[in-house]
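Contents: one structure, followed by commentary.
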Amino acid sequence: MPRPGFVLEVDRSTPPVLTWHGEGFRLERLPAGRSRVIYAPEPLEPLDDPDQAVRDALLSPLGDSAPLPELLFPRMRLTIAFDDISLPLPPMRRPDNRQRVIEAVLDMAAAAGVDDVVLICALALHRRMTEAELRHAVGDRVYDAFAPHGLLLQHDAEDPDGLVHLGKTDQGEDVEISKRAAESDLLVYVNINLVAMDGGHKSVATGLASYRSLRHHHNVRTMLHSRSFMDQERSELHSSNWRMGRLIAASGVRVFQIETTLNNDTFPEQMAFLQKREWEWTARDRAMYLATTKGLSVTPPRVARSIFQSIKAPHAMTSVHAGEVEAVHRATTEMIYRQQMVHVEGQTDIVILGLPHLSPYNVNSIMNPVLVVCMGLGYLFNMYRGKPLVRAGGVVILSHPTPWAFHPVHHPSYIDFFEEVLADTTDPLQIEKTYEQRFATDEWYRHLYRTSHAYHGVHPFYMWYWAAHAFDHIGRAIIVGGEPRAVRRLGLSPASSLDDALEMATDTVGREPTISHLHLPPIMLADVH
Amino acid sequence: MLREALRGQRIAITGATGFLGTALVERLLRTVPGCDLVLLVRPGRRGARDRLRREILRNNCFDPLRRALGDEFDAEVDRRVAVVAGDVAADGLGLDAAGEETLASCTTVIHSAATVSFDSPLDAAVEINLLGPLRVAETLTRLRASVGSLPHLIAVSTAYVAGSRRGRAPEATLAATPWSTEVAWRSEVDAARRARADADAASRDPRMLARFERQARAELGAAGMPLLAAKTERLREDWVKDRMVEMGKSRAQGLGWPDAYAYTKSLGERALLETRDDLPVTIVRPSIIEAALAEPFPGWIRGFRMADPVIISYAKGLLKEFPGVPEGIIDVIPVDMVVAAILAVAARGPLSEPDVFHAASGARNPLRYRQLVDLVREWFTDNPLADSKDQPITVPEWTFPGRHRVQRQLRQARRVLGTAERALQALPLRGRQADLSARLEERRDEAERALSYVELYGAYTETEAVFSVDRLLGVYEALPPEDRRDFCFDPAVIDWRHFCQEVYLPSVVAHARVRQAPRPGTAGGRRGARATAGGREERGRRAVLAPERQLAVFDLENTLIASNVVDSYSWLATRHQGDADRVRFVLRTLREAPRLLALDRADRGDFLRYFYRRYDGAPVERLREDSWELFSDLVLTKSFPAGIRRVREHRALGHKTLLITGALDVVIEPLRPLFDEIVCAHLGQRHGRFTGELVDAPPTGEARAQVMAEYAETWAIDLEQAVAYADSTSDLPMLEAAGHPVAVNPETKLAAIARKRGWHVEHWPKAPEGPRPLLPIGPRA
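Heads up: the protein sequence lines correspond to chains A and B, in order.
The first sequence runs 24 to 552 under this note's numbering.
The second sequence runs 7 to 787 under this note's numbering.
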């Protein structure tokens, strides 16, 4: 029986706490008497037979939906959309959930005599996946059956002939999604729900949408009204997606939603100490820690990056639900909470977040400074329900090397965003008003998004908006161990050590502040009362 | 008295564009109102009158007169100054009939034209310094037939005609001077002319020509035939010139003169006196002429004089040592004193026999070498120059070693630096490392310059001759007091401390346009310094990104991406191969690498033609498809993001953007949206397969300049407003043709050239990426 999440009050006997630091880790001692460390629940037990569980889910759907075989018939147009490289993190070992689900769906389609089947990777404005990445996600068998015939597509949000405008919501939001998906007799969407934000109506309304449609909820106003975007009950991001999803359903697009969840078993055996509680480290764990950190300290960043990017998580499937979107998503969210939710009493003056080497947007890539902000002040800051972990006007301390480095293929518009936009202002509203349109419609970025493997020109803006709620809420953000030049460009304060950062924070939150340290990995959701 | 004597005279002056000549013209115009001037000036490109305006009257020498006369200045000049086109290096002085008539009407002729540089080629020095006075005398004698009278010829010579001697040098003709070397000047003239013909012939020897070509190639790389040819010819001419300089130096030193200047001047005196017939002649021999003591204003100087570069090098801390005899006399004479002496001689008129005067300071008011060095060091210690970081430069202390020791040290430094530089140039360096080699080259240049100063001027700091001025002082004593006041040339009045520290050095520093260190305690000095230090790159960037630019031309390989045609071929070729084939491919390519490199260095066009043959039989469609993966996997991965940003910045500013590359059209197709226009190489096709032969000549070397010029013409763009980006000397023709050349991560040769010419240099870093294999292998298709 896995143990639930846990909040440790730090006293004099507490050992130093593991803090993630990009492609590396630090052990940090926290001030006794006013600090607490928040540990996630231990990994849930995986499903005994995931393939059988998938088949069962397809045959006994939730909500107002018939079993999948009943929705399949000869000469129908079937489209199977699936989540892209941004899920899960880190990428899971083969077979991927997507492969299991898609194979099961295809088996049933074959049995029903369906021969017009197209697979679409739901990229939204993310980069196109490479062949190797696609093979990893859907499996070689599926890839070889579809890709050579042009039946494995990647969503192109800039293809004027590949999109269809389905109408506007009652709030005036344009709904424009993939034409093939919208004009199919059945759209099956295969999810991997890593966090509470994923899935639901967001799958289709965001994953298969165009910039014209996305801009209605990927903006500063929505982010300021999503508290947090991990809590779908209080998230304007989700309200907008739900309005769109209902309009999609109302316009006759039949969606069969399949959502899968994973446990938080994030690291392979030799790095398992990362998700253990420090006082339970064995001699072997300590030796592994020492060997790993010493080894990394003499490894060039480029090599360290490729080592970390090659990590495949032993994540195992814990649930699979299929059927009507909202019913499925309710069940899934329940499972996510079970794995990730930790009850925490009250806010603190400071929260410390050790940032990993990975965010949803730099799988097989480089975590550039903009993504550091997105990961720290966007995703992790928002991993709460109720109230943020840090009080209003408090301080967030991030730990990450934050190099001034960008992937030339994946993040071309990030380079210009960093060099040009952030050099001018870091205010999300100002940035949105002055620069978004130009980047979003830039021909070169559009070319790279469509033909190469680049994120859309507007993508760095969204990453910055993701942090808008944090910018609005906190008094100051400090990055420990970051490249000072890059950190300053982000509008944040560089500190060389955690002690320095805590000292700097006293300017904002006074002496003897209270501190929360979110013990990452794995990720967790703080339920703050 | 002096003014009365010169009133109504018509005075001809040769060498009016020179230091002494300009001073003479100014002094006569300003202080001797009654005389007219005739200036014998080489016509140049725009004519002699134009040179008067541009090269003489525009000099700040005339500022006081211009102020005094105001609007009348031009009228005064027109009224009193006649210009005659002529050349003392031409027989008959190259005069036309009108010129002859004007010259014939003169009552006094001051011949001050000379090539004063100590390292002139022998034949040039002979033509001007030796034969010049002779030609003037001959012409004047010939013109007597038409006028019936002979003018007074005052020939300006040099005190050093006496040769490297010790002790007193009298004011007497060389013939009457003991120990002076007697040389048959006519055979020297013949020998010098023959030597030029011989050197020229020797330089055209095939082996020599091959050497020049090799040298040009080493310096410019594969810059294309026209540039290489021009460079080769320039090297040949330089070689001939160096030979002639060397010949002048050794001939002069062998005969006991410090250099070709003194030697030819000396023979010139003899030739003049031998051939003058009954032309009245006076010879004035100044020593080292330097800045004006008082007239037209203290410190006036024209050009960079003999001692000036040495002093500036010293102040920059570059001359760690200079030879010299500490108690020896440095015979310096202010230019206004020489002028006054010449005017006094002109006013007095000729004697029946040739007459000689020294205009020198050493006998009457000696300036010792040690004293001079101390004065200079003192002044630069108080008023230091600034280094590149605006820090004051500390001047070295000289210990007066022997000349040979200094020369030996400097030669050694030059050799070491030269070897290091050649070693670096042979390495395939780029960007900042290449910059290092350029800096090394600069250091070698400095060492070389220091050496040349020591070799050239060392003799003058070691001279132990004392030039007697008794006869000149006799003339001075005979002047009435007001002339002595207005036309003072008694060196006794010079206070050397005052002259050096308050007149001469400030003027030299101002003239050399060097930066002085900010005075301690003055606010803003440091801030200003930082602004200029970081400012140079920034200024260069602003200049290329100015809105008024119209065209930006880019090279691709190593300018925008760190990759080349071999990389892209290797990627494409291996994409559809099995493992064994891949290994074989890599081995084969590596084996060929040295040959490919050599070919590329020799001629880019030949290399491309040879290399592209490998595409023979490659399926066009498959390559076209693969090129999109190649674009992400190789081109963008190896791109310089700052470079791509730059292209887009130019476009955003409304500049046309043009990519010129030797890469294949299929390979660069995905880059098309980045540029307005792409010019690249195209392979022929047959039955859906490439033929391996280029359809037309690849755009390399001068063809790129051509392409750029044609594009500019199509869009009515002024090439002055074009910015060209490239990384190697093979793009030199294009860079030279553009108004704003930019060297991007330049290889060594281009780094050196860019540094010399002050071109903007960009160091664009490669994007971080995965481990780099030696040869990029395509991911398995």
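Idealized CB from N, CA, C, for every residue including glycine.
- Residues of chain A whose Cβ lies closer than 8 Å to the Cβ of residue 679(B) are, in chain order, 466, 467 and 470.
- Considering only 700(B), 743(B), 691(B) and 686(B), the residue with the shortest C-alpha distance to residue 712(B) is 743(B).
- Taking a cut-off of 8 Å on C-beta distances, the segment 330-345 of chain A touches the segment 100-119 of chain A, as three or more cross pairs fall below it.
- In the assembly as shown, residue 253(A) is a buried residue. Its beta-carbon has 16 or more other beta-carbons within 10 Å.
- Between residue 608(B) and the set 221(B), 740(B) and 682(B), the nearest pair of CA atoms involves 221(B).
- Contacts with chain A (Cβ-Cβ distance below 9 Å) from the segment 618-640 of chain B involve 634, 635, 637, 638 and 639, listed in chain order.
- At a C-beta separation below 8 Å, residue 647(B) has these neighbours in chain A: 429, 431, 435 and 438.
- Using a CB distance cut-off of 8 Å, residue 474(A) counts as an interface residue toward chain B.
- Using beta-carbon distances, residue 325(A) counts as an interface residue toward chain B, with a partner under 8 Å.
- In this structure, DSSP gives residue 397(A) a helical state, which the three-state scheme calls helix.
- Among the residues of the segment 440-465 of chain A, those with a Cβ less than 8 Å away from any Cβ of chain B are 442, in the order of the chain.
- Per DSSP, residue 82(B) is one residue of the alpha helix (DSSP H) stretching across 78-86.
- DSSP places residue 219(A) in the coil class of the three-state scheme, outside both helix and strand.
- Two segments are said to touch when three or more pairs of C-beta atoms, one from each, lie closer than 8 Å; by this definition the segment 425-432 of chain A touches the segment 386-395 of chain A.
- Beta bridge pairing from DSSP links residue 517(A) with 502(A).
- One finds 774 in chain B with Cβ atoms closer than 7 Å to the Cβ of residue 389(A), taken in chain order.
- Nearest neighbour of residue 443(B) by Cα position, chosen from 567(B), 477(B), 205(B) and 754(B), turns out to be 754(B).
- At a cut-off of 8 Å between beta-carbon atoms, residue 659(B) makes no contact with chain A.
- By the criterion of a C-beta distance shorter than 7 Å, residue 299(A) is surrounded in its chain by 308, once the five residues flanking it on both sides are discounted.
- Under the DSSP assignment, residue 365(B) falls in the beta strand (DSSP E) whose first and last residues are 361-365.
- DSSP places residue 407(A) in the strand class (E or B) of the three-state scheme.
- With a 10 Å radius around the Cβ and a threshold of 16 neighbouring Cβ atoms, residue 460(A) comes out exposed.
- Residue 38(B) places its beta carbon 8 Å or farther from that of residue 160(B).
- Taking the C-beta atoms as reference points, residue 132(A) is found no nearer than 8 Å to residue 141(A).
- Three or more Cβ pairs closer than 8 Å define a contact, and the segment 688-701 of chain B falls short of that threshold against the segment 639-646 of chain B.
- In the DSSP assignment, residue 188(A) falls within the unbroken beta strand (DSSP E) covering 186-191.
- In the displayed model, residue 403(B) falls within coil according to three-state DSSP, outside both helix and strand.
- Around the beta carbon of residue 358(B), fewer than 16 other beta carbons lie within 10 angstroms, which makes this residue exposed.
- In this structure, the straight-line span from the alpha carbon of residue 381(B) to that of residue 605(B) is close to 58 Å.
- For residue 645(B), the secondary structure class from DSSP, reduced to helix, strand or coil, is strand.
- DSSP lists 282(A) as the bridge partner or partners of residue 214(A).
- Counting only residues of its own chain and dropping the five nearest sequence neighbours on each side, residue 536(A) has a CB closer than 6 Å to the CB of 372 and 373.
- Beta bridge pairing from DSSP links residue 296(B) with 340(B).
- Cβ-Cβ separation between residue 296(B) and residue 313(B): approximately 7 Å, consistent with a contact (criterion under 8 Å).
- The segment 77-93 of chain B makes contact with the segment 45-63 of chain B, as at least three CB pairs between them are under 8 Å.
- For residue 691(B), the closest alpha carbon among the candidates 559(B), 401(B), 619(B) and 715(B) is that of 619(B).
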